[in-house]
Every structure is written in structure tokens, then in C-alpha cells.
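Read left to right, the sequence shown gives residues 250 to 911 (the working numbering).
Idealized CB from N, CA, C, for every residue including glycine.
Contents: one structure, followed by commentary.
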Amino acid sequence: MPDLYSNSLVQALLVTLKHVAKPLIFENLKALPEIFDSLEKDGAQLETAWNVSRTTRIVNASQMDSEVFQKIQSKVRKAKGSKFQSRPLHATCKNLLNEDLAAPEKALLKKYVREGKMNGLELSEKGLSAVKQNMAKLEEAKSAYRNRVKVSTEKFQHLIGDKEMMKDFPSDLLRAMAMDKNKPSQGPWCVTLEGHILPRFLEYCPDKEQRWNAWLANRSRASSGSVQQGNNNAEVGNIRARRLDQAKHLGFQNYVEMSLDSKMAESIDSILSRFKMINEKAKPAMDKEIEELQNFAAEKGHSEQLQLWDIPYWRRLKKRAQYSCDEGEVREYFPLPKVIQGVLSLTEEMFGITIHEDKNASSWHSDVKLYKVRDENGEDLGHFYLDPYLRPGAKLLSRSQKGWVIPERPFSALNRMKPSATLVFNFPPPLHGLPSLLTFEEVQAIFKNVGFVMQLLLTKSPYHEINPINNAPWEAVEAPGEFFQLLSMDATIIERISSHFESGYSIPADIVNKLVNSQRHMSAFDLCNEMYLAHFDLECYSSKKYWLDITKKLWAEYMSFPLDGEDSHPCSFVDIFSENWAASYYCHLWARMIGADIFAAFQEAGLNNSAQFKDVGQRLRNTFLANSGMQDSNELFRQFRGRDFNPDALLTVCGLKKTKKH
């Protein structure tokens, strides 16, 4: 692994910036390639070293101390951002924007100009100083918010010793909760608010009081007591105010307008108009879903009105009863080797590429496999590692249970670097000669993450700064993964990637149909919740209203349940207050809309029509994937689809709009 501990690569980038400071005054095309070549050489190497460190932190946490990792992360971010803080470079790029340049160079110039503007380089020295001071205070506020949530999350631990209560819990969840990992079935078990524990605990716990206790602890994190005791109430207002000041300093009306400057969505009005259209279908459908769930629970002896903490448990039971899919039986048809082979074969056919395992490659663990990807002419496109199995005490656990994709090495023509990535999961390892058998949700996670990897490997961007991850709008970055996940909802594809782990028999048609239909179970409820969170984010960063007033207003607009008086979830909404999704949370839903419309294009062509499937796949590859980050993402989608994306496609895959026959 590159020596990041000595900070050599970080220092190299800073030295490079200092070295090119004088030539930056020459506003001509001869100087610019030299500048960018120097930045590209060191920048791509730094990014590679940093990503390798990120991978190490995930796959073998003991080798990368958390405190050391955080310190390195801070220095790397500072080094990567420093090139966007050079006034001479910013001025040079801005003056050259109107020159007749190729798409990659034009995109690179636009990025440097945009990032320079966001760093205050178009302001006076006084204005720039104010921006820097405000950003420093914002970082302090974000850190304080994040730490309070962390402390509050870690503080909650609730022991359960009742074996009867835990009898229906899956073995892997019992093991994760067991105080004695060597005796997971004996107890006691510890309920925590960790992402790999809480959601599944709420799904399997039959005791409503225990569900309420854990649910409330989660929804009230960092909201009680004084600021010193961990209350984020005031910090929410502080962070919002700092971001508003930042936006106004830079010439924007509010932080949402600033955020949308680099996104696919044109305005907050365009986002909310789509939300309104979706909500007109989703809200009534959600009301019906809740009514049906209430009736189901009543039939099973639950006479009380369902509350939010009851939904996961009764939802799981109703889904099982309605679709009669036994998880153990379903797993038998999804052995990991077959699923991987099927997904990669499908990807090969779709994009006209070949993916083969390099069995002689070395890696950090014997379980890890390396796959090399080549185009139709045999040219190397890059590679990716697959680290599939749980290693307790070594690998980190994903908050969402869907694993990670770490972009390892960016595509850099100057450095002759082909892109690479690592897929990390925590699937159950093979046991007693049997392969790892996957749930359907785990199968979908593979689809989604392979889609993300293909975006990294199929780019034609010659500069690492304008590859999809570094320069495409966030909606576009997530869309390929969303599209790939939808492929797993097609019956033909499910049959293609599955077979019984012992007999090799095909998965029965009735199980396939149940799997497809079960994916739409309570989809309106999920959609409304997602819209609520996205709209809350937008409202927080486009108005000065008190966050609780915003919560109450939007909750009533999107949700069918009354807002619990102790529910203070904005105090722990780290994604928008201390992480990177401020005024951008809507991107998740936007990406789902785009992914659904891409999926619709394949459906229209016929997913079982090999020739048409390949044609649409090639068109997707040559437009939306190859040029993402270099060209406008809305225009790339138009090149692929012949029009702007249609939100109706998402309603269709959610079962809220009838499918047209093709």
C-alpha cells in the first residue's frame, strides 16, 4: 500500500501546486496542458493511494487505526482541494472557457472554474476571508453534530434474555446481537442502534414494547438534555445558518440554489413538481397499504392501532404470508458463485465486454477474487476485486447492509492508469462444504454494486478529475446502480442468475413470480418516506423556518401516521447536517427515477430479446456511461432515451401505475 502515513503523496501534490504557480499567469493554451498534466500526474496517484487506504480500513480495520485514518483523511481532503484555491489557475481557466476545445478539456476547465467559484476565488480578499472563516465554523458545527449523534448512538444498549422472544430471529442476527459470539443461541442479546442491528431487530421482535423502546431511542438520538449532554437542537440551526451565509457570500439566494449549480435538477420547483406528481399516486396507495396491514395484524390478534414502530414487524409477516416465500428456501436457489456468474454474464452481454477471473492474482485475503474487464476488441478496460464474505472482527459492517464499492484507481490517460474498484460485502461464508447462500435482498445488492462498478470502468474520461465519481451530478452517479438493481425484478433475469445449490434445478416459476411481486410490497410507504426526507432537506436549506415547524408541515403532507411527540429525527439526520448530502438528499430519489426510465428502455426493447438487449446496452454504454462527467448528464440521457426522463417509470416499477404492453 502506498505510504500515506508519511504523507509523501499529500506533500507531492502541494509541491506540484507551488511549482506551477508562476506559469499560471500565462493565459494561453500552451501553458495549460503543462499545468493540467502536472496536476493530473500527482492527483491521480494521490487518489489511488487514498482509495487503497479506504479499502484497507474496510476490509481489515485492525491495520488502519480509526484515529490515524481520520487524520489522513483530513490531510488528503485539504491537498485535493488546494488546487481549486489558486487565483491564477482559476483566472486562466475562466479566460479559456470560450476557446474551441475538446469535450474533456472543456469539462476540466468548467470544473476548475466552478470549484474555484465555490471556494470564493471570485470574491475580494475580504470576501474570501469571510468565506474561509464561515467554512471553518461550519466544519466545527458539523463535527459537533456528528459527535453528539455518535455518542448518543453508542450509549443505547438494551439486553434481552428472553429466548422465547428471540426464537424467530435469523441466526446471523442472533450472532450479531449475542453477548457471547460463541454461543449465539444462548443469550443474552444486546439491542443497539447500529445500522446492521436495529432495522432487523424491529422486523423480527414480536414484543411491541421492546420495538417501541428501540424505535424511540433511535428517533430521539441527540435531542435530549443540554448541548453539553448531547442536544443537537441548536446545532441544526447553526449549521443551516452557516450554509446560508456560505451561499450568499458566493452569490446564491440560498444553499439549495448553490447545491443545484452542479446537479441535474434545474431548480427546487422542478424537484417539487415531480414530488407532487408522485405523491398524488403514492399517498393514497400508502393509505391503502396501511389499512391492509392493519387488517392483517388484527387477524393475527393485534387489536391496537398500528404505530410506526410496529410497521417493520407486521410488514415482514404480511409479506411472508402474502407471497409465501420462505427465506431459507429462497436462499437455496441463490448460491453466490451462480449469482456472480449470472450477473457478470448478463453485464457482458449488455455492454459487449468480457469479464474473466484472474486466478493467479494476489490479494489481501484468500476469499478475494480479481476480475479483469476487456472490450470487444480485447482492450483492457480495468479490473475489480470482489471481497464477498463476513470476517468478524476484521471487516467493517455496512450501515445499509448492502456493502461498499470503493473506486480504487481512476482512469488517467497521462498516468497510463486503467480504472479499478473493490466490491466488499458481508455475506455468510461457505460452511461445511456448502456455498454461501444469499437472500434475494443480497442478490439485489450485488446487482446494484456491479452497476456502480461498470460506471467506473466504462468511462472514457482521460482525466481523473472529470470521471463520473469526481465530476458527474450525484443523480447521474447513483442512476446506473439503481438501474442494475431493477434488472433483478425481471423474471427472465432471476431465472438466469439462479439454480438450486445441490440439484442445479431451475428456480420454480411460482417462487420467481412471488419474488418479483414482493419487491413492490408497501412501495408507496417507502416512496412517501423518501420524499418526506428529501423535501425536508430542501426546505431546511431554502427557508429560515424552525426545523420542527418544517417537520410538522411536511410530515402531514407525506406520511399517514401522526408525528410522535418525542420524535426528533432531524437531530440525528447526519446525512444532511454533518455529511455530504445537504440540499442533495433528493438525488437518491432522482437517481431512482432515472434508473427506472433506463430500465423501461430495456423493457420496451425486450429483456429476453438478445439482439435488442445488446443494442440498448451499447447505446447506454456509449452515452450515459462513457461520457458521464465530461458532458451534461441531462443531454446524455436525451441521447440515450431521445427525451428527458419520465417519473412515470418509477411509479410503474413501484406498482403504482399500470405497465404498458410492449
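Around the Cβ of S392, a 10 Å sphere holds fewer than 16 other Cβ atoms; the residue is exposed. Burial check for H632: the Cβ neighbour count within 10 Å reaches 16 or more, so the residue is buried.
Counting other Cβ atoms within 10 Å of its Cβ, M535 reaches 16 or more and is therefore classed as buried.
The Cβ-Cβ distance between P641 and K432 does not fall below 8 Å. The Cβ neighbour count for A351, taken over all protein chains shown within 10 Å, is under 16; the residue is labelled exposed. The criterion of a C-beta distance shorter than 8 Å is satisfied by T708 and P717. Annotation: S315 is outside any beta strand (DSSP E); the continuous alpha helix (DSSP H) that includes it extends over 315-331.
Within the same chain, and ignoring the five residues on either side of K863 in sequence, the residues whose Cβ sits closer than 8 Å to its Cβ are E598, M599, G601.
Within the region 658-734, complete alpha helix (DSSP H) segments of at least 4 residues are found at 689-706, 717-720, given in chain order. The beta carbon of A898 sits closer than 8 Å to those of M842, A845, D846, F848, A849, all from its chain and outside the five residues before and after it, given in chain order.
When DSSP reads this structure, R623 sits in a beta bridge with T603, D629. Shortest Cα-Cα distance from P437 to any of E452, K416, E443, H445 involves K416.
Where H837 is concerned, the enclosing alpha helix (DSSP H) starts and stops at 835-854. Relative to Q459, the option among Q406, Q495, F894, N503 whose CA is nearest is Q406. In this structure, DSSP gives S755 a state outside helix and strand, which the three-state scheme calls coil.
The C-beta of G700 has 16 or more other C-beta atoms within 10 Å across all chains shown, which makes the residue buried.
A residue is called buried once 16 or more other Cβ atoms fall within 10 Å of its Cβ, and V505 is buried on that count. Distances from the alpha-carbon of L900 to those of E727, Y361, W839 put W839 closest. Taking a 10 Å sphere around the C-beta of T741, we find fewer than 16 other C-beta atoms and assign the residue as exposed. According to DSSP, W653 shares a beta bridge with V673. Per DSSP, reduced to three states, the secondary structure at H498 is helical. The alpha-carbon separation between S434 and A293 amounts to approximately 49 Å.
The C-beta of R303 has 16 or more other C-beta atoms within 10 Å across all chains shown, which makes the residue buried.
Judged by DSSP secondary structure, H407 falls within the beta strand (DSSP E) whose first and last residues are 407-409. L787 sits away from I446, with the two beta carbons spaced by 8 Å or more.
For W563, the enclosing alpha helix (DSSP H) begins and ends at 560-572. A distance below 8 Å separates the beta carbons of G365 and F333. A direct Cα-Cα distance of roughly 5 Å separates F733 from K697. Boundaries cannot be given for V617, as no beta strand (DSSP E) includes it and DSSP labels it neither H nor E. The alpha-carbon separation between Y781 and E548 amounts to approximately 31 Å. DSSP lists H407 as the beta-bridge partner residues of V440. Note: D636 is bridge-paired with V673 in the DSSP secondary-structure output. D798 and W804 have their alpha carbons spaced roughly 10 Å apart. Listed in chain order, the non-local C-beta contacts of L585 below 7 Å within the same chain comprise P637, F676, P684, S685, L687, local neighbours out to five positions each way being set aside. By the C-beta density criterion, P668 is buried, having at least 16 other C-beta atoms within 10 angstroms. Taking a 10 Å sphere around the C-beta of S611, we find fewer than 16 other C-beta atoms and assign the residue as exposed.
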